[in-house]
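In the numbering used here, the protein residues as written are 51 to 161.
Quick look at the structure:
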């Protein structure tokens, strides 16, 4: 049976962008709200040439850029910014930051 999707990729990106609390940007919650499984959502995204991780990381990057444009990195604690970006713990944020920024948070924070 072919699953009919009630949203487009752009609509999903918009929902990611407008979800105020990034802790609620979980594939299980997005899939459930649309009425299908996380595996089905992933299959749909792969068919569009993307993935949940790619979309979530793109939104995290946009938000981090916005936060750091407003307040310099020296003023942010890793625990605060990791929470704002929806990470379950600071260690996950450190790994994501190093992978996405090609530098350590401590290097960015030092200026």
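Note that CB positions come from ideal geometry on N, CA and C, so glycine has one too.
Computed from a predicted model, the values in this text were never measured in an experiment.
Just the C-alpha distance for residue 87 and residue 160, rounded to the nearest angstrom, thanks.
Their backbone Cα atoms lie some 43 Å apart in a straight line.
Less than 8 Å between the CB atoms is what I'm expecting for residue 143 and residue 128, so what's the real figure, rounded?
6 Å between Cβ atoms; contact.
Please state whether DSSP places residue 70 in a helix, a strand or coil.
Residue 70 sits in coil when the DSSP states are folded into three classes, being neither helix nor strand.
Looking only at its own chain, which residues have a Cβ that is under 8 Å from the Cβ of residue 154, when we skip the five neighbours before and after it?
These residues qualify, in order along the chain: 144, 147, 148.
Any contact of the segment 111–125 with the segment 77–93, i.e. 3+ C-beta pairs under 8 Å?
Contact between the segment 111–125 and the segment 77–93 is absent, with fewer than three C-beta pairs closer than 8 Å.
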